[in-house]
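K.L.:
My questions all concern the structure below.
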Amino acid sequence: MSKGQVHIRCSQCGTFNIDTEQCVNCGHALNMVKQREQVRIEVERERVAKALAEEPSAIEKFLQRMTNHKWLVVRLFFKLIYGVWMVVMAIGMFLAWLIGMIVA
1388 MSKGQVHIRC SQCGTFNIDT EQCVNCGHAL NMVKQREQVR IEVERERVAK ALAEEPSAIE
1448 KFLQRMTNHK WLVVRLFFKL IYGVWMVVMA IGMFLAWLIG MIVA
């Protein structure tokens, strides 16, 4: 072995490679960090594709229909309910943050 060269054995085909990021025989990534990063990216792509492919729940469909209802009164009622819900959730998040800061 000469000084300064790094010999890495490919985990896929078993070929020894000198100072390369990918196997010269099969093209597999030799750097374990990059292998894990590629796997993580692929899993994330699959998760996003699955989330986009799934159909909305019955409640989401109902709320969507009601916010696009032809009657103005129904639309305003659901927008009012949605606004109140957002305010309640904001207060809840603030209280959770405040308790977290007091405890820490």
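Quick note: the sequence shown uses the working numbering, first residue 1388, plus one each step. All C-beta atoms, glycine included, are put in the ideal place defined by N, C-alpha and C.
(1) Quick check on DSSP: helix, strand or coil for A1483?
(2) Looking only at its own chain, which residues have a Cβ that is under 8 Å from the Cβ of V1461, when we skip the five neighbours before and after it?
(3) If we ignore side chains and look at the alpha-carbon of each, how far apart do S1444 and Q1451 end up?
(4) C1397: buried (16+ other C-beta within 10 angstroms of its C-beta) or exposed?
(5) Beta-carbon separation of H1394 and I1405 under 8 Å?
(6) According to the neighbour-count rule (16 or more other Cβ atoms, all chains shown, within 10 Å of its Cβ), is L1417 buried or exposed?
(7) Following the continuous beta strand (DSSP E) through N1404, name the residue where it begins and the one where it ends.
(8) Note down the Cα distance separating Q1425 from V1474, rounded to an integer number of angstroms.
(9) Following the continuous alpha helix (DSSP H) through E1408, name the residue where it begins and the one where it ends.
(10) Note down the Cα distance separating K1448 from Y1469, rounded to an integer number of angstroms.
P.N.:
Inspection of the coordinates gives the following:
(1) helix
(2) M1453
(3) 11 Å
(4) buried
(5) yes
(6) buried
(7) F1403 to I1405
(8) 41 Å
(9) No alpha helix (DSSP H) contains E1408, which DSSP labels as neither H nor E.
(10) 15 Å
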